[in-house]
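Numbering (UniProt numbering), first residue to last: 1 to 277.
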């Protein structure tokens, strides 16, 4: 009898009880794209569609134990890392992952929520740059996060260009700098690759508040496509198409009183079965 396995993606991220962002968005995205989801909780934010009220920490021992327990049993084809809100957490994740064979990592540097709430401690940024950037295949900052990382104002496409090049020199391999906060009818994102190649992606911008968790969803979609066997460029391109359709198909839905979620399941894929050799 033939046996099969699923493309598997691990998310290491924070919680979102309202279901639109964090681990919940990651699991929805992996599932919608035909992958098997595993997860490690890094923090327990108390939030809804209107914003973050408080963040309860998860102990470093618990984070390390979660990672080891999952990876010892179900080894992923890709990892998405989201909310890492302090230096100790960054160090714990990097140290624990170093015990295992290299896995493609997509890091979404969650620093500012859609609502504008800042989610990261100031002293954590340098630790992220020094320890997490080098092990990540790609990072996916938005304009606010790029502003923090590049230590400059990022308001225009020209600012994005300068900031992306500056962040690339800080030690990361590849960057997708998301332009969703631009005040234009189109959204322009810039993809900087370690080989020096740069690409521009443009999509229509919808009039909707339903963008809660769009950054989490995009980075998760990139990880899912990597797990499915796509190269990095195709994974970035396909992930952006997925997010575009998820926003488009959820833009008129009313969930919550603030920034509503995307429609992750606008066209769910059947879970992919790869034959074991």
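Beta carbons are placed, not taken as given, at the ideal position from N, Cα and C, and that holds for glycine. No experiment lies behind these values; they were computed from the predicted model shown.
Query: Residue range of the unbroken alpha helix (DSSP H) whose run includes residue 246; Result: 232-248
Query: C-alpha distance - residue 97 paired with residue 76, whole-angstrom precision; Result: 12 Å
Query: Any 3 or more C-beta pairs closer than 8 Å across the region 21-36 and the region 54-73; Result: no
Query: Whole-angstrom distance between residue 268 and residue 170, CA atom to CA atom; Result: 37 Å
Query: Neighbourhood of residue 105 by C-beta, 7 Å cutoff - its chain only, sequence neighbours within 5 removed; Result: 79, 81, 135, 136 and 137
Query: Beta-carbon gap between residue 272 and residue 262 smaller than 7 Å; Result: no
Query: Bridge partners - residue 161, DSSP secondary structure assignment; Result: The partner list for residue 161 (beta bridge, DSSP) is empty, contrary to what the question assumes.
Query: Cut-off 8 Å between Cβ atoms - residues of its own chain near residue 2, not counting five sequence neighbours on either side; Result: 275 and 276
Query: In DSSP terms, what residue 45 is bridged to; Result: 55
Query: Cβ neighbours of residue 266 in the same chain (closer than 7 Å, five flanking residues each side left out); Result: 245, 246 and 249
Query: Three-state secondary structure (DSSP) of residue 278; Result: A query on residue 278 cannot be resolved here, the shown segment of the chain reaching from 1 to 277 and no further.
Query: Distance, residue 264 Cα to residue 278 Cα; Result: Look at the range of the chain in this structure, 1 to 277, and you will see that residue 278 is not part of it.
Query: Among 258, 237, 236 and 223, nearest to residue 279 - alpha-carbon criterion; Result: Residue 279 lies beyond the residue range present for the chain, which begins at 1 and ends at 277; the question has no answer from this structure.
Query: Through-space distance from residue 163 to residue 336, alpha-carbon basis; Result: Limits of the chain in this structure are 1 at one end and 277 at the other, which puts residue 336 out of reach.
Query: Residue span of the alpha helix (DSSP H) that contains residue 156, given as start and end; Result: No alpha helix (DSSP H) holds residue 156; DSSP gives it neither H nor E.
Query: 6 Å Cβ shell around residue 39 - same chain, five flanking residues per side excluded; Result: 11 and 23
Query: Own chain partners of residue 50 with C-beta closer than 8 Å, once the 5 adjacent residues on each side are dropped; Result: 115, 256, 257, 258 and 259
Query: Spatial neighbours of residue 150 in its chain, beta-carbon cut-off 6 Å, leaving aside the 5 residues before and after; Result: 163, 166 and 167
Query: Residue 99 versus 68, 126, 148 and 84, residue with shortest Cα-Cα distance; Result: 68
Query: When 73, 144 and 184 are compared against residue 307, the one with the closest alpha-carbon; Result: With the chain covering only 1 through 277, there is no way to say anything about residue 307.
Query: Where residue 229 falls, given that 16 or more other Cβ within 10 Å makes a residue buried; Result: exposed
Query: Closest residue to residue 94 among 37, 127, 57 and 233 (Cα-Cα distance); Result: 127
Query: Best match in 92, 161 and 143 for proximity to residue 109 [C-alpha to C-alpha]; Result: 143
Query: Local conformation of residue 270 per DSSP, three classes; Result: coil
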